[in-house]
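Mapped onto my numbering, the consecutive letters of the sequence shown carry residue numbers 3 to 408.
Glycine residues also receive a C-beta, built at the ideal position from the N, C-alpha and C atoms.
Quick caveat: nothing in here was measured; it's all calculated off a predicted structure.
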Amino acid sequence: MTLPYKAISQKQIKKNNRTLILSAIFHSQNITRKKLSEITNLAPSTVSNIVNPLVDKEILVETGLIKTETGKRAATITFNEDEPVVLGVRIQRNFIKAGIFNLKGNLKKEKKVEVKDFWDFENTINTLMKLIKEFKEITESPQKHVLSLGIASPGPIISRKDEIAFITNFPGWKNVNLKEYLTDKLNIDILIEHDVNAAILAEKYLGSYKKEDMIYFSVDRGIGAGILSRNKVLRGVLLTAGEIGHTSIKYNGPECECGNRGCLELYCSTTKLLEKAKKYRHEILPDEIQENELTVKSISEAAAEGNETAKKLLRENAYYFNIGLINLINILATPHIIIGGEIQEAGSIWLNMVKEFFAEKAMDHLANNVKIKFSKLQSSSSFYGAGIAAINHVINNPDIIYKKSP
Ligand SMILES: [Zn+2]
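This is the structure in structure tokens:
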């Protein structure tokens, strides 16, 4: 017989308590020991036992004294501004961006490199490793230490197994275990996160809604959704939840790499939008403009100037996207939707089309309560999210910090 609950070991309790305190410090940024005790329900002595060793190591610092409710003055605790740090890396089909983040989640330094041959897995990974090594060298000294590396990658990714199932149009990336591959070579604690899951984490801390329940819907070269449910990224038992891009909207539609037919992303990814626009480019752009200058932005600009073909293409894209949006909201009933990815270049003209379709086709209860916005982090949600995922990883595995030599 399997029972739903079982006793937790002392070791596990200690770990959970550390996670609870570190998480409370991360969320509040500045907090007194007393307040930590109140919000976590841990005894003041337990709080001190957790906080003090990290103050001694200068991982946590005591900042100014604040006046408490009782009129006494108490020191607030926060993470050290300078070190230790984590690295966050965003892999995309055309570039890799790496950043150094402190444990408060602030970006200290960033660098972006172009990737011309993403199809070539080995080559792309070599570029990635060069960048990480460069950042490790800048960051590491006897005093400084990189605690963890978070990588946000396109997917589907089998989360927590760190395996990229496949990346549409790039067969070289099928079934690769990126974590295993990199751990051997880099000697660093690594966490792989699906780019949309990283994005929703960034939206939680830095975005415009900051709610406990939100969806980050990415419309980029592929389509996917990061779902935050009761403050947790929804992964599902099989660890690939949110693959809305591979839900079919046409049962006899074209074949998709995932094995299904008529998948949403075959209709409204930016890959599809650009492919169609290329076909009609003479109707959209003046002749002297080159084919490679055709971007989502240039299509949107043409539409804003009244170009009927450009408007039609955006409308068609918004129409199909809205089908996926309603499908997802009908299942999850989440009221806050953030749209990100390359489609943001299409601007308000596209977003208003989506909102119109949504108002028309969603059930009234949803149409009246769902809020849809573009991400204010622009194209950087997944990049910031890679850093935050690395910090979360450290908070959830506090041994990483407690074992760190001073
Ligand atoms: Zn598919």
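If the five residues before and after Ile397 are omitted, its C-beta is found closer than 8 Å to the C-beta atoms of Thr21, Leu24, Ser25, Phe28, all from its own chain and listed in chain order. Counting along the chain, Ala227 sits inside the beta strand (DSSP E) bounded by residues 225 to 231. The beta carbons of Pro156 and Arg237 sit no closer together than 9 Å. For Asn354, the secondary structure class from DSSP, reduced to helix, strand or coil, is helix.
With contacts defined as CB atoms closer than 9 Å, Thr129 and Val148 fail to qualify as a contacting pair. In this structure, Cys265 has its beta carbon less than 8 Å from a heavy atom of ligand 1. For Ser302, DSSP records no beta bridge to any residue. Rounded to whole angstroms, the separation of the alpha carbons of Ile68 and Gly244 is 43 Å.
Within 8 Å of the C-beta of Asn171 there is not a single heavy atom belonging to ligand 1. In terms of Cβ geometry, Glu112 and Lys132 do not form a close pair [threshold 9 Å].
Here Gln31 is exposed. Its C-beta has fewer than 16 other C-beta atoms within 10 Å. Counting only residues of its own chain and dropping the five nearest sequence neighbours on each side, Thr141 has a CB closer than 7 Å to the CB of Val87, Ile102, Val148. Taken through DSSP and simplified to helix, strand or coil, Leu266 comes out as coil. In this chain, the alpha helix (DSSP H) harbouring Phe123 covers 123 to 141. Per DSSP, the continuous alpha helix (DSSP H) segment holding Lys16 begins and ends at 12 to 30. Distances from the CA of Leu316 to each of Ile153, Gly343, Met355 were compared; the closest alpha carbon is that of Met355. With the rule of 3 Cβ pairs closer than 8 Å, the segment 378 to 394 counts as touching the segment 75 to 95. Excluding its 5 nearest sequence neighbours in each direction, Ser161 has C-beta neighbours in its own chain below 6 Å: Arg237, Leu241, listed in chain order.
Where Ser384 is concerned, the enclosing alpha helix (DSSP H) starts and stops at 383 to 398. Distance from the CA of Leu180 to the CA of His338, rounded to the nearest whole angstrom, comes to 32 Å. By the CB criterion at 9 Å, Ser231 and Leu334 fall inside the cutoff.
Looking at the DSSP output, His248 bridges to nothing.
Separation of Glu64 and Thr78 (C-alpha to C-alpha, rounded to the nearest whole angstrom) is 6 Å. Between Ala204 and Ser47, the C-beta spacing is not below 9 Å.
Distance from the Cα of Gln94 is smallest, within the candidate group Glu83, Leu105, Asp119, for Asp119.
Met216 is bridged by DSSP to Leu230. By the neighbour-count criterion, in which 16 or more other beta carbons inside 10 Å mark a residue as buried, Lys13 falls on the exposed side.
In this structure, Gly326 lies away from Gly255, with their beta-carbon atoms at least 9 Å apart. Not one heavy atom of ligand 1 sits closer than 8 Å to the Cβ of His147. Here the segment 279 to 287 makes contact with the segment 297 to 306; the two share three or more CB pairs at distances below 8 Å.
Rounded to whole angstroms, the separation of the alpha carbons of Met365 and Ile251 is 18 Å. Spatial neighbours of Ala320 in its own chain (CB-CB distance under 7 Å, excluding positions within 5 residues in sequence) are listed in chain order as Trp352, Met355, Val356, Phe359. In this structure, ligand 1 has no non-hydrogen atom nearer than 8 Å to the beta-carbon of Gly226.
Distance from the CA atom of Gly226 to the CA atom of Pro158, rounded to whole angstroms, is 8 Å.
Taking the Cα of Ile127 as reference, the smallest distance to any Cα among Asn82, Asp84, Trp175 is reached at Trp175.
For Ile134, the closest alpha carbon among the candidates Lys378, Ala312, Val115 is that of Val115.
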